[in-house]
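Engineer: Numbering (UniProt numbering) for the sequence shown: 1 to 646. No residue lacks a Cβ here, since even glycine has one placed at the ideal position from N, Cα and C. What follows is a single structure, and I will ask about it in a moment.
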Amino acid sequence: MPGSNSAAAEKVKPAASPAADKPAEIAGNISYHAQYSPHFSPLAFGPEEAFYATAESVRDHLIERWNDTYVHFHKTDPKQTYYLSMEYLQGRALTNAVGNLGITGAYAEAVKKFGYELEALVGQEKDAALGNGGLGRLASCFLDSMATLNLPAWGYGLRYRYGLFKQVITKEGQEEMAEDWLDKFSPWEIPRHDVVFPVRFFGHVEILPDGSRKWVGGEVLKALAYDVPIPGYKTKNAISLRLWEAKATAEDFNLFQFNDGQYESSAQLHARAEQICAVLYPGDATEEGKLLRLKQQFFLCSASLQDMIARFKERKADRVSGKWSEFPSKVAVQLNDTHPTLAIPELMRLLMDEEGLGWDEAWDITYRTVSYTNHTVLPEALEKWSQIVMRKLLPRHMEIIEEIDKRFREMVISKHKEMEGKIDSMKVLDGSNPQKPVVRMANLCVVSSHSVNGVAELHSNILKQELFADYVSIWPNKFQNKTNGITPRRWLKFCNPELSEIITKWLKTDQWTSDLDLLTGLRKFADDEKLHAEWAAAKLACKKRLAKHVLDATGVTIDPNSLFDIQIKRIHEYKRQLLNILGAVYRYKKLKEMSAEEKQKVTPRTVMIGGKAFATYTNAKRIVKLVNDVGAVVNNDPEVNKCLKV
């Protein structure tokens, strides 16, 4: 029988109870979803089926809070933050959701009635493949933090069908396969068939009789919203991560061609729509790849801005004045790196061409609405897009960018004569190579945003003193620092419950979970040997858990008492994984030269390096292969593998 726990499930009476917080009621709600939100055979109730039913019962809690939050903010009409990011590295949602809702214990008891441990069901969940590195994790941590702080905020992203890729390690190194996180479905997302916006590509610009301009023609796709509720910690606030999926309509399907046997031709637009949200960061070595990436970025920006404007108009009807000048006092758009830069010309276009505003008013609104977060000073990461590709795909936006650049240069010459010699490096459009003129996206962000921030004090200082130093001379108050952090709920309280309990015990409060400054209260116990012992025991328990996971995943046995040296980052030359593995090679060489007595004095070390190399980044993939090759040698050498594992 497919579901070994079906008999236990049959004993639990199904009862819809969205707000259930007692184990028996929760179990009834889980049973209800297993029977009446069916995705599997009614005879099966294995771990996978139990996970989905459990997740859907948790989603009931989230939807109740989510609806209440939306209604509350609709009535109070506060200024709302809209976070635009190409990535969200969410991680598994079940543990985080029940933890933030304060019902972990009740759910653990409830699933036992079906013969399961909560941790076993958590292991059934597939990570949402919406991100890759720190950029995406920061975005997700921000959403968790804003929800916990009861801030009115939205996250906007794309619903990638296959993610970046699933990494498979072979003798040849890294191989890439499509992620399968949506092969069945995500229990957390809610399709919003009432939230659909048109997004145009290509076409041309028409000049109307009154002199105004209109973008027409080309191809038009639909952006369909999928909402993921994000619960705050110990609060009723639940905000939204809104993900867009690209769709073509039935009208775009050529039935005549299909019946004529021209199957591929009949659904060309449907195929192109699927490409937009197929993968995160498609390869851009070809012109087609570059065009697809630019399509992705614009699709995110256009759909999101149309949604914001629709919400502003909806709530504007309830306000006394309802003027467009109020837009920046109700809408704050935060660009997470340069990927959503096209929000700037798109907001200008929507305000001028669709809403009838003049340039000056539209520019004032855009400038006061948009803020830009810079994440890196690496030249390769400061995006530059071909003006030729931009003009082909987004002709109206290229006109607007040209006007922004022209007005910026005129402003510098008229008001900052001393900076005239620096214009070439500051301007938005770079034509220094006439064969390959480009749009400098970071420059466009700086020129068009009222606020620019780095993500650490050192980084922000480099921005002000080096990368954007010339702009600082013009706008000294525009640049600021926002030191990034991580959510202590996911990354301490939920993932390390042993240590969390110790901290709470010694501080005599769990308020540190939402106020990390309280951790300074541990300083007075710094010399307490009892705390040392408890801390070490919690650490060892976690190391044993990790050692078991490594054994299950790789077949390599590691010593929990060894020093764990761990680096988990996307694989990149500047992230220095190469330096790290060369350090391990050096240790191996020295160990081989030691006597048995000398080795006994060495602290055993386990070096763990994790991360993905982009499919087209050859040197990064070589590093992945080197790490695994070194591990194969070190871990199979009985002379050293008690002192070193890789």
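(1) Report yes if the C-beta distance between residue 237 and residue 490 is below 7 angstroms; otherwise report no.
(2) How do the stretch 231–250 and the stretch 152–165 stand: do at least 3 beta-carbon pairs fall below 8 angstroms, yes or no?
(3) List, from N- to C-terminal side, the beta strand (DSSP E) runs of 3 residues or more that fit wholly inside the stretch 488–573.
(4) With a CB to CB cut of under 6 angstroms and the five nearest residues on each side skipped, what residues in its chain are close to residue 480?
(5) In or out: residue 231 buried (at least 16 other Cβ within 10 Å) or exposed?
(6) Which ranges would you report for the beta strand (DSSP E) in the stretch 403–488 if only whole runs of at least 3 residues count?
(7) Can you tell me whether residue 136 is buried or exposed, with buried defined as 16 or more other CB within 10 angstroms of its CB?
(8) Considering residue 23, what are the terminal residues of the alpha helix (DSSP H) in which it resides?
(9) Please classify residue 177 as buried or exposed, where buried requires at least 16 other C-beta atoms within 10 Å of its C-beta.
(10) Leaving out five residues before and five after residue 86 in sequence, what residues of the same chain have Cβ atoms less than 6 angstroms from its Cβ?
(11) Can residue 173 and residue 630 be called in contact, C-beta distance under 7 angstroms?
(12) What residue range does the alpha helix (DSSP H) around residue 76 cover?
(13) Among the residues of its own chain, which have a CB less than 7 angstroms from the CB of residue 541, if the five just before and after it don't count?
(14) Start and end of the beta strand (DSSP E) containing residue 214?
(15) Just to confirm, are residue 419 and residue 412 a CB contact at a threshold of 7 angstroms?
(16) Compute the Euclidean distance between the alpha carbons of residue 465 and residue 160, then round it to the nearest angstrom.
(17) Would you check if the distance between the CB atom of residue 574 and the CB atom of residue 449 is smaller than 7 angstroms?
(18) Starting from residue 362, trace the alpha helix (DSSP H) in both directions and tell me its first and last residue.
(19) Nearest-angstrom Cα distance between residue 3 and residue 51?
(20) For residue 336, list the residues DSSP reports as bridge partners.
(21) Using DSSP's beta-bridge definition, name the partner residues of residue 645.
(22) Residue 113: buried (16+ other C-beta within 10 angstroms of its C-beta) or exposed?
(23) What three-state label does DSSP hand residue 1 in the structure shown?
(24) In or out: residue 1 buried (at least 16 other Cβ within 10 Å) or exposed?
(25) Roughly how far, in whole angstroms, is the beta-carbon of residue 507 from the beta-carbon of residue 518, given that I think they are within contact range, below 8 angstroms?
(26) Alpha carbon to alpha carbon, how far is residue 119 from residue 39? Give it in angstroms, no decimals.
(27) Can you grab the Cα-Cα spacing for the pair residue 594 / residue 584, in whole Å?
(28) With DSSP run on the structure shown, which of helix, strand or coil describes residue 252?
(29) How is residue 190 classed by DSSP in three states: helix, strand or coil?
(30) Could you tell me whether the stretch 322–342 touches the stretch 292–307, where touching means 3 or more Cβ pairs closer than 8 angstroms?
(31) Please state the DSSP three-state secondary structure of residue 153.
(32) Hey, would you say residue 53 sits closer than 7 angstroms to residue 94, going by beta carbons?
(33) Do the stretch 223–230 and the stretch 181–199 make contact, defined as three or more Cβ pairs closer than 8 angstroms?
(34) Would you mind listing the alpha helix (DSSP H) stretches within the stretch 243–312 that are 4+ residues and don't spill past its ends, in chain order?
(35) Can you grab the Cα-Cα spacing for the pair residue 214 / residue 291, in whole Å?
(36) Using a Cβ-Cβ cut-off of 8 angstroms (strictly less than) and excluding sequence neighbours within five positions of residue 102, which residues of its own chain qualify?
Structural biologist: If we stick to the structure as given:
(1) Here residue 237 refers to the residue found at position 237 of the sequence shown. Here residue 490 refers to the residue found at position 490 of the sequence shown. No.
(2) yes
(3) 563–568
(4) Along the sequence shown, read from residue 1 onward, the residue named residue 480 stands at position 480. Counting only Cβ-Cβ distances below 6 angstroms, and skipping sequence neighbours, we find 453.
(5) Sequence index remark: in the sequence shown, residue 231 carries index 231 (1-based). By the beta-carbon neighbour count (other beta carbons within 10 angstroms, threshold 16), residue 231 is buried.
(6) 438–440, 451–454, 479–481
(7) One-based indexing of the sequence shown puts residue 136 at position 136. Result: buried.
(8) Within the sequence shown, residue 23 is the residue found at index 23, counting from 1. Taken as a continuous stretch (DSSP letters only), the alpha helix (DSSP H) holding residue 23 covers 23–36.
(9) Here residue 177 refers to the residue found at position 177 when the sequence shown is read from its first residue. Classification for residue 177: exposed.
(10) Along the sequence shown, one-based indexing puts residue 86 at 86. Only 339 meet the Cβ criterion.
(11) Working through the sequence shown from its first residue, we reach residue 173 at position 173. Working through the sequence shown from its first residue, we reach residue 630 at position 630. Taking 7 angstroms as the cut-off, the beta carbon of residue 173 is found no closer than this to the beta carbon of residue 630.
(12) Residue numbering aside, residue 76 sits at position 76 when the sequence shown is read from its first letter. Segment 47–76, the alpha helix (DSSP H) holding residue 76.
(13) Indexing the sequence shown from 1 puts residue 541 at position 541. So the qualifying residues of the chain are 498.
(14) As a working mapping, residue 214 is identified with position 214 in the sequence shown. Per DSSP, residue 214 belongs to the beta strand (DSSP E) from 213–216.
(15) Start at 1 with the first residue of the sequence shown, and residue 419 comes out as number 419. Start at 1 with the first residue of the sequence shown, and residue 412 comes out as number 412. Cβ distance < 7 angstroms, so residue 419 and residue 412 count as in contact.
(16) Within the sequence shown, residue 465 is the residue found at index 465, counting from 1. Within the sequence shown, residue 160 is the residue found at index 160, counting from 1. Roughly 37 angstroms separates the two Cα atoms.
(17) Locating residue 574 in the sequence shown gives position 574, counting from the first residue. Locating residue 449 in the sequence shown gives position 449, counting from the first residue. Taking the C-beta atoms as reference points, residue 449 is found no nearer than 7 angstroms to residue 574.
(18) Here residue 362 refers to the residue found at position 362 of the sequence shown. Residue 362 -> alpha helix (DSSP H) spans 359–369.
(19) As a first step, residue 3 must be located in the sequence shown, where it is residue number 3. As a first step, residue 51 must be located in the sequence shown, where it is residue number 51. In this prediction, residue 3 scores a pLDDT of 47, lower than 50, which makes its location untrustworthy; the coordinate-derived value is nonetheless stated afterwards. For residue 3 and residue 51, the gap between their C-alpha atoms comes out near 13 angstroms.
(20) Reading the sequence shown from its first residue, position 336 is the one you call residue 336. DSSP lists 373 as partners of residue 336.
(21) For the purposes of this step, residue 645 is taken as the residue at position 645 of the sequence shown. DSSP lists 606 as partners of residue 645.
(22) As a working note, residue 113 is residue 113 in the sequence shown. Buried, by the Cβ-count rule.
(23) Reading the sequence shown from its first residue, position 1 is the one you call residue 1. Only weak support exists for where residue 1 lies, its pLDDT of 33 falling under 50; the value from the coordinates is given anyway. The answer is coil: DSSP assigns residue 1 none of H, G, I, E or B.
(24) Here the question's residue 1 lines up with position 1 in the sequence shown. For residue 1, the predicted model reports a pLDDT of 33, less than 50, meaning its position is unreliable; a value from the coordinates is still stated below. The residue is exposed, with fewer than 16 neighbouring Cβ atoms inside 10 Å.
(25) Your numbering for residue 507 matches position 507 in the sequence shown. Your numbering for residue 518 matches position 518 in the sequence shown. Rounded, the Cβ-Cβ distance is 6 angstroms, consistent with contact.
(26) By 1-based counting over the sequence shown, the position of residue 39 is 39. By 1-based counting over the sequence shown, the position of residue 119 is 119. Cα to Cα, the separation comes out at about 22 angstroms.
(27) On the sequence shown, position 594 is the one that residue 594 refers to. On the sequence shown, position 584 is the one that residue 584 refers to. Taking the straight line from one Cα to the other gives about 15 angstroms.
(28) The residue given as residue 252 occupies position 252 in the sequence shown. Helix.
(29) Translated into positions along the sequence shown, residue 190 becomes position 190. Note: residue 190 maps to strand in three-state DSSP.
(30) yes
(31) For the purposes of this step, residue 153 is taken as the residue at position 153 of the sequence shown. DSSP places residue 153 in strand when its eight states are reduced to three.
(32) Taking the sequence shown and counting its residues from 1, the one referred to as residue 53 is at position 53. Taking the sequence shown and counting its residues from 1, the one referred to as residue 94 is at position 94. No, these two residues do not count as a Cβ contact at 7 angstroms.
(33) Yes, the stretch 223–230 touches the stretch 181–199.
(34) 255–259, 263–266, 268–276
(35) Stepping through the sequence shown from its first residue, residue 214 is reached at position 214. Stepping through the sequence shown from its first residue, residue 291 is reached at position 291. Each residue's alpha carbon lies about 22 angstroms from the other.
(36) If you number the sequence shown from 1, residue 102 lands on position 102. Only 234 meet the Cβ criterion.
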